[in-house]
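The structure appears right after this line, and notes come after that.
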Amino acid sequence: MDYFALLAINGLVIGLIYALMAAGLTLIFSVLKVVNFGHGTLYMLGGYASYYAITYLGVPPPAGVVLAMVALFAFGVVFERLVLHPMYTNKVERKDEYAIIVTFGLTVLLLNLGIVVFGPFSKSPPPFLAGALIAGPLIITYDRLIAAIAAIVLLSALSWFLARTSLGQALDAVSQSRESAAVIGINPRRMYTVAFGLGSALAAGAGALIAPIFALSPNMGELPAVQAFIIIVLGGMGSVGGSIVGGILLGVVEGLGVGFFPDPNRALAYTEAFGALLLVFTLLVRPTGLFGRPHARLE
Amino acid sequence: MDEAEFFAADGLSKHFGGIIAVDGLSISLSRGELVGLIGPNGSGKTTTINMVAGALRPDEGTIRLRGVTMTGSPAHVFARGGVARTFQVPRLFRRMTVLENLIVPALSNPAARRAEAERRAGEVLSFLRLEHLTRSLARALSGGQQKLLELGRALMLRPSLLLLDEPFAGVHPQLLAQIMEHIGSLNAGGHTIIVVDHNIDAIRSLVRRTVVMAQGRKIADGPSEDVLRDPAVIRAYTGARDAH
Amino acid sequence: MDKGRRDFVRGAGLVGLGVAASGPFPSRAWAAEPIPLGWVGPLSPPGNYSGGQEMKWAVQLKADEINKAGGILDRPIEVFYEDTKGQPAEGSAAAVRLITQNHVAALFGEFHSSVALAEIDVAHKYGVPWIGTDVWADQITALHYPEVFRVSPANSLIYLKVANWIADRGFKHVAILAENSDFGQGGAKVVADIYKQRGVDHNVVTVELNQQDFTPALLRLMNASPRPDLLEMVVAGQAQYQIVKQACQLGFAPTAKTAMIGSSGLLQKEVWEVDGECAKNLLVVDVAMPKAHWNDQARAFVENFQKRYGRAPTGVAMEAYDTLGVLAAGIAKAGSTDGKAIIKALESIHYTGVHGSYSFSDKTDPPWAYHQFMDVPFMVIQYTEMNQTPEAAAILFPKDWATTDKILPEK
Amino acid sequence: MTRSHAVQAVLLIAALALPAWAGPYWVHVGAIAWYYALLASSWALLAGYAGQFSFAHVAFAALGGYASALLSLHFGIPPGIGVVAGIVLAMVAGALIGWLVLRLTGPYLALFTLALSEIFRLMLVAEQQLTRGSLGLQVPGWFGGESDRPYYYFGLSLLVAALLLMAGLLRTRVGLFLRAIRDDEGAARAAGVNTTLYKILVFVVTSGLAGLAGTYYGPFVGILTPSMVILPEMGLVIAMAVIGGIESLPGAAVGAVIVYGLSELTREYGQWRFVLLGLALILVQRFAQNGIFAVLERPLLRPPAVEAERGRG
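Residue numbers (this note's numbering), protein chains in the order written: chain A, 1207 to 1505; chain B, 341 to 584; chain C, 2 to 412; chain D, 227 to 539.
Right, here's the structure in full:
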């Protein structure tokens, strides 16, 4: 029993970090209607940004996380302005495809640039706090605990921001209807830029928090990106709350899946497949995701 | 087959989540009728058109065309069965030419030949006075021209029932007269037509029979002059307006 | 672009016109054309690019040394490096390019067995010698292509001995984490067969390397009944860091109750950066010789490598360094750059490199023994202190080299 | 139109003549490039013409390749029949997936096919008793001898045949309907087009061609590995089609040859090649959505079915 409690807690912690990454992806999707296929590399850049801030600028680890988020916010803003911008004009005929291609191109670009710039060898920033919390049979390392708590704080801050600040409400308005938002004086284009920047910052935060837990490598974002896709589909593509629930759900399902899978030899080999299958079935049953707003689709 | 039973929708209902969009609506048309369907925003007009065109499957109720039950068939079966439609905002094949837009519906009939389809497209274009645009891209057309082209595309199906969803919305007054004239002549030529619109004046001068919907239900159905004087209709409209 | 165009022109059959006459060492006055040699290995994903980079560095070092010492057959050597990305199609294209464009006398290198299998097909077709640096699949030499030699161990060669040692040490319940690759699965099979024979209870768990969170699987193993007394990783490269860290943080291994053993990926210094204290007491299968038994060449290599690249070389780098050494000796012995002559020379070669004395077996039983370097030095070491280099670690196996017979922490 | 045909004829003649003056290496590179050209052009039909932005295209190639190799290996079926079986299997799988994704559009479709492709890759890795996992499945070659010329010409003829087949299909009303579906699926249905049928049809055709590419690739390279299904491989195919012109089948094929050829020519730049590829992908999409050829020479290489631009001029 302890064993499954441990699996569930581990899943919960990992799920919260997934949720942080997915929340950024969701924010971008809900406002821009774009799936950011480059999200995994933004996560990777966040991890490295924090690493370099800690090791070369000598800032304490929590400040490294914040600096990484600020840096990637700026990066997101610039990318959105330079590359995604034409999407909102009539110059781009097929917006979905345009977005997939340019964000995917970003992945190819940054992953390989990462190898050139950061080098091929793994790096790891110092831990936030060494050691582990041991409560009876439960063991959880401080790094994971801190990452989970930081994820909760960031996710709460995001929810508060979206619900209580005027900028957040403007983002929400644009996500619901660009036209109506424009009518009440919100400039949707500005909101697109803000949303992409914030989404990038959240990915960076996730990367920076995970860096001391797992190591840094240029391709570290590949798997979490796929996980984040799964989560936002589970969470209904565009609902921040849904992506939090989806993240935790995925973390726990994967953890318990490995624990329960009958053939231990294959259990780990198929861990990723559990999530992918979850995505496939969710989309088949509900083409707009598990917790998606019911759409009065006309076709 | 009874003439009055040319087209019959019986007890149509449609829910979206918890919202009831259409609630037990029945309409029947006889051949060659021209009917207006009006109602305040959100009264379920477009949902009705979508069900009659086969784009939405009703939760309850049946749709019969010339005695054949169509309910549950996919939209393209409705289209080939003679139900043609236009959309509120024109939905053209934007990156295809005007000519190509028109021959798509014609060629959806497997027996049709391309040369024949192009000849008919030419006829439709001259009827709509769009011949000069034959080779233009659809997306290059003005808003009014797009409305006309969409009408033409519907005509290419040789429809026995034509569903026009807000043909007058956002149209220049001069073009409005032209569209009304086209609808009139199509009806005179034997087409059965349902026109959905907000423009009560246009509807009043165009159609003899009007159906009024409010909150998903039919609240009036009869000669236009009577219906538009009906206090229930006026209340539904003004009430809705006030609430706006 | 310039170089590319030159190659293209060369490929277009215009070599005879002397277009590509400029040599690779414009600053040195060599009387003769250099001998072209082709290195293949992963330098970008999805290949193991960090392993590939280390191999490439070691080869560059060796090539410079050979040229400084006068080259071979009075000619300098020129190594052409091709990135195979861990993709077989890239490997075969690279092999064809090196053979037909650069006219290399031999191919060597590689890290991934699947890519090696594509390359040796090409080498076999053209009759060009190929020497594998760090490819472990038995099948590579078991195909019995005359062109194919291997200085790295085959899976069966090492894991047979390691498994028997583990059984000898009295471990009773072994949990095997095997990576999802030819190396992992091949190694795990060898190990599991021995355990079956020796009556050691064992359990193989396959891991996908993209995975970063191994905690669920480790929890499952840790809570198995009985709890394993050894956690054995048949995993290459840096993925092991994660497993070590997570197993250690759970209090699973390496501990007094459960020891932990892994492969040469744990020899890179990053193990201390990532795992810290957790790497202490870790057992590692090190395909190398103990420092005390190093020859001068090995000491010089380690020093030069450290000086030039700012990091200590691992066993893989040593293998790569020796691969070029063996090849150069083979060419010298053959007295020619002809493929057949080099193969013949390699078959009877005795060459001393940093890893000991090289010769290639001509036996075909077991099948993988053909053209295999059978005396690959390897040992089982244990880190006993933080930031220890592999050379300073305690040696447990083989007996001749052992510095201790205690596995820490003691039960 | 005639001009574009002339350009295509010149390119074909150049391709036919290349082995006569280029060395064996470029013949080898060409033979691999045909694999990518088959994938890029059929993916352009699927994504560019029909608007089905699938990430599973390389998975179909692997399916065809593995199926034909395994059938020959385990049941001793002659390679020719194995190839046909592999292609048929890819078409059946294509029909199934085409049917499954009927309700999905845009990013949902992309994510769905990405997940399916990942599951398939993980199966190839995990079911190693059957597939030999990451070590790869060795496939016997079709042609003996040292030269790659037989593969070169065989692959080239497969590519030409596939392009002719697709162009022929697009010249019929099917091409018109596919473009109609891409522009507005609901309107196409309202115009009487059986969108279900044509969407499944385009998956069947393009999956079959991808399967064909896979059956050709295995014997040529000599080994099939799960790494042919990884996301970066799919990304490479997408980049090739986008750079060549996603709405032009010959453009996509030429794009594949150019991207692959350039990546070989610039090998000495190492990792920077892929940095440049990513940059090129973004820049082409940003500034030239119809591919670089459309910019360099508008009237050339235009797909036969898209007469639209001319009509406007």
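From the three backbone atoms N, C-alpha and C, an ideal C-beta is built for every residue, glycine too.
### Task
Verify the CB distance criterion: does D/Phe-519 have a CB-CB separation below 8 Å to chain B?
Walking along the fourth sequence from the start, residue 519 of chain D turns up at place 293. No, D/Phe-519 lies away from the interface with chain B (no Cβ there is under 8 Å from its Cβ).
### CB contact below 8 Å: A/Asn-1216 versus chain C
Taking the first residue of the first sequence as 1, we reach residue 1216 of chain A at position 10. At least one chain C Cβ lies under 8 Å of A/Asn-1216.
### Message
Closest to A/Leu-1408 by C-alpha separation, out of A/Leu-1222, A/Leu-1218, A/Asp-1208 and A/Ala-1214, would be which residue?
### Response
Taking the first sequence and counting its residues from 1, the one referred to as residue 1408 of chain A is at position 202. If we check each option's Cα against that of A/Leu-1408, A/Leu-1222 comes out closest.
### Cross-chain neighbours of D/Phe-403 in chain B, by beta carbon under 9 Å
Along the fourth sequence, read from residue 1 onward, the residue named residue 403 of chain D stands at position 177. The contacting residues are Val-444, Leu-447 and Ser-448.
#### Entry: Residues near C/Ile-396 by beta carbon distance below 6 Å, same chain, minus five either side
On the third sequence, position 395 is the one that residue 396 of chain C refers to. Excluding positions up to five away in sequence, the list reads Pro-291, Met-380, Ile-382, Trp-402, Ala-403 and Thr-404.
#### Entry: C-alpha distance - B/Pro-380 paired with B/Met-553, whole-angstrom precision
Walking along the second sequence from the start, residue 380 of chain B turns up at place 40. Walking along the second sequence from the start, residue 553 of chain B turns up at place 213. C-alpha separation (whole angstroms): 8 Å.
### 7 Å CB neighbourhood of B/Lys-354 in its chain, flanking five on each side removed
As a first step, residue 354 of chain B is located in the second sequence; it is residue number 14 there, counting from the start. Here the set comprises Ala-361, Val-362, Thr-387, Met-391, Leu-396, Pro-398 and Asp-399.
### Task
Taking all protein chains shown into account, decide if B/Arg-575 is buried (16 or more other Cβ within 10 angstroms of its Cβ) or exposed.
Residue numbering aside, residue 575 of chain B sits at position 235 when the second sequence is read from its first letter. So B/Arg-575 ends up on the exposed side.
### Query
Helix, strand or coil: how does DSSP classify A/Ser-1515 here?
Because chain A spans 1207 through 1505 in this model, residue 1515 of chain A falls outside it and cannot be assessed.
### Task
Quick one: grab the DSSP three-state call for C/Gln-239.
Residue numbering aside, residue 239 of chain C sits at position 238 when the third sequence is read from its first letter. In the structure shown, C/Gln-239 sits in coil (DSSP, three-state: anything other than H, G, I, E or B).
### Task
List the DSSP bridge partners of D/Trp-269.
On the fourth sequence, position 43 is the one that residue 269 of chain D refers to. BP columns for D/Trp-269 are empty, so no partner.
### Message
Suppose you measure from the CA of A/Val-1432 to the CA of A/Met-1275; what does that come to, to the nearest Å?
### Response
Looking up residue 1432 of chain A in the first sequence gives position 226. Looking up residue 1275 of chain A in the first sequence gives position 69. Distance between the alpha carbons of A/Val-1432 and A/Met-1275 is about 21 Å.
### Task
Return the first residue and the last residue of the alpha helix (DSSP H) that C/His-125 is part of.
Here residue 125 of chain C corresponds to residue number 124 of the third sequence, with the count starting at 1. Looking at the DSSP string, the run of the alpha helix (DSSP H) that includes C/His-125 is 114–127.
### Message
Does the stretch 61–73 of chain C come into contact with the stretch 252–271 of chain C, if we say contact requires no fewer than three beta-carbon pairs (one atom in each stretch) closer than 8 Å?
### Response
no
### Task
Could you say which of B/Glu-490, B/Ala-451 and B/Asn-449 lies nearest to B/Leu-468 if we only look at CA atoms?
On the second sequence, position 128 is the one that residue 468 of chain B refers to. Closest by alpha carbon: B/Glu-490.
### Query
Leaving out the 5 sequence neighbours to the left and right, which residues in its chain are closer than 7 Å to A/Tyr-1304 when beta-carbon positions are compared?
The residue labelled residue 1304 of chain A in the question sits at position 98 within the first sequence. Hits under 7 Å: Met-1293 and Val-1298.
### Task
Would you kindly work out how many angstroms separate the C-alpha atoms of A/Gly-1465 and A/Leu-1231, rounded to a whole number?
Position 259 of the first sequence, counting from 1, holds the residue named residue 1465 of chain A. Position 25 of the first sequence, counting from 1, holds the residue named residue 1231 of chain A. Taking the straight line joining both Cα atoms gives about 29 Å.
### Task
Label B/Gly-530 either buried or exposed according to how many other C-beta atoms from any shown protein chain fall within 10 Å of its C-beta, with 16 as the threshold for buried.
Numbered from its first residue, the second sequence carries residue 530 of chain B at position 190. The residue in question, B/Gly-530, is exposed, as its Cβ has fewer than 16 Cβ neighbours within 10 Å.
### Query
Is the CB of C/Ser-45 under 8 Å away from at least one CB in chain D?
As a working mapping, residue 45 of chain C is identified with position 44 in the third sequence. Cβ-Cβ to chain D under 8 Å: yes for C/Ser-45.
### Query
Using a Cβ-Cβ cut-off of 8 Å (strictly less than) and excluding sequence neighbours within five positions of D/Ala-311, which residues of its own chain qualify?
Within the fourth sequence, numbered from 1, the residue matching residue 311 of chain D stands at position 85. The answer, listed in chain order, is Ala-293, Ser-294, Leu-297 and Ile-303.
#### Entry: Cβ distance (whole Å) where C/Val-149 is taken to contact C/Thr-142 below 8 Å
Here residue 149 of chain C is taken as the residue at index 148 of the third sequence, counted from 1. Here residue 142 of chain C is taken as the residue at index 141 of the third sequence, counted from 1. The pair is a contact, with the Cβ atoms about 6 Å apart (cut-off 8 Å).
### Task
For A/Lys-1329, decide whether its Cβ has a neighbour in chain C, counting only Cβ atoms nearer than 8 Å.
Here residue 1329 of chain A is taken as the residue at index 123 of the first sequence, counted from 1. Chain C contact via Cβ: present.
### Task
Starting from the C-beta of B/Met-520, find all residues in its chain whose C-beta is less than 7 Å away, skip the five residues before and the five after it, and write them out in chain order.
Taking the first residue of the second sequence as 1, we reach residue 520 of chain B at position 180. Within the same chain, B/Met-520 has close Cβ partners Ala-542 and Leu-546.
### Cβ of D/Gly-477 within 8 Å of any chain B Cβ
Here residue 477 of chain D refers to the residue found at position 251 of the fourth sequence. Answer no: the Cβ-Cβ gap between D/Gly-477 and chain B never drops below 8 Å.
### Closer than 7 Å: C/Thr-404 CB and nearest the ligand ATP heavy atom
No copy of the ligand ATP occurs in the structure displayed, which carries no ligand at all.
### CA-to-CA distance, C/Gly-354 to C/Val-327, given in whole angstroms
Here residue 327 of chain C refers to the residue found at position 326 of the third sequence. Here residue 354 of chain C refers to the residue found at position 353 of the third sequence. Whole-angstrom Cα-Cα distance: 8 Å.
### Query
Buried or exposed: C/Asp-75, going by 16 or more other Cβ atoms within 10 Å of its Cβ?
Locating residue 75 of chain C in the third sequence gives position 74, counting from the first residue. Per the 10 Å Cβ criterion, exposed.
### Query
Buried or exposed: D/Ser-420, going by 16 or more other Cβ atoms within 10 Å of its Cβ?
Taking the fourth sequence and counting its residues from 1, one reaches residue 420 of chain D at position 194. According to the sequence provided, residue 420 of chain D is Asn. The question's Ser does not apply to it. With 16 or more other Cβ atoms within 10 Å, it is buried.
### Message
Can you pull the chain C neighbours of A/Phe-1310, defined as C-beta to C-beta under 8 Å?
### Response
As a first step, residue 1310 of chain A is located in the first sequence; it is residue number 104 there, counting from the start. Those do not exist, as A/Phe-1310 stays about 15 Å from chain C at its closest Cβ, beyond 8 Å.
#### Entry: Counted within 10 angstroms of its Cβ, other Cβ atoms place D/Phe-301 as buried (16 or more) or exposed
Here residue 301 of chain D refers to the residue found at position 75 of the fourth sequence. With fewer than 16 other Cβ atoms within 10 Å, it is exposed.
### Query
What are the complete alpha helix (DSSP H) segments, minimum 4 residues, inside the stretch 1314–1355 of chain A?
none
### Within chain A, the residues that D/Arg-329 reaches when beta carbons sit closer than 8 Å
Numbered from 1 along the fourth sequence, position 103 holds the residue referred to as residue 329 of chain D. Ordered by position in chain A, the residues that pass the 8 Å Cβ test against D/Arg-329 are Pro-1493.
### Task
Please compile the residues from chain B whose C-beta is within a distance smaller than 9 Å of the C-beta of D/Ala-467.
The sequence position of residue 467 of chain D within the fourth sequence is 241, counting from 1. The contacting residues do not exist; D/Ala-467 stays about 18 Å from chain B at best.
### Query
Is the CB-CB distance between D/Phe-429 and D/Gly-324 below 8 Å?
Here residue 429 of chain D corresponds to residue number 203 of the fourth sequence, with the count starting at 1. Here residue 324 of chain D corresponds to residue number 98 of the fourth sequence, with the count starting at 1. Yes, Cβ-Cβ distance for D/Phe-429 and D/Gly-324 is below 8 Å.
#### Entry: Short CB-CB distance (under 8 Å) between B/Leu-432 and chain D
Looking up residue 432 of chain B in the second sequence gives position 92. Answer yes: the Cβ-Cβ gap between B/Leu-432 and chain D drops below 8 Å somewhere.
### Query
Smallest Cα separation from A/Val-1459: which of A/Leu-1484, A/His-1245 and A/Val-1400?
Walking along the first sequence from the start, residue 1459 of chain A turns up at place 253. Looking at the Cα atoms, A/Leu-1484 is the closest of the given residues.
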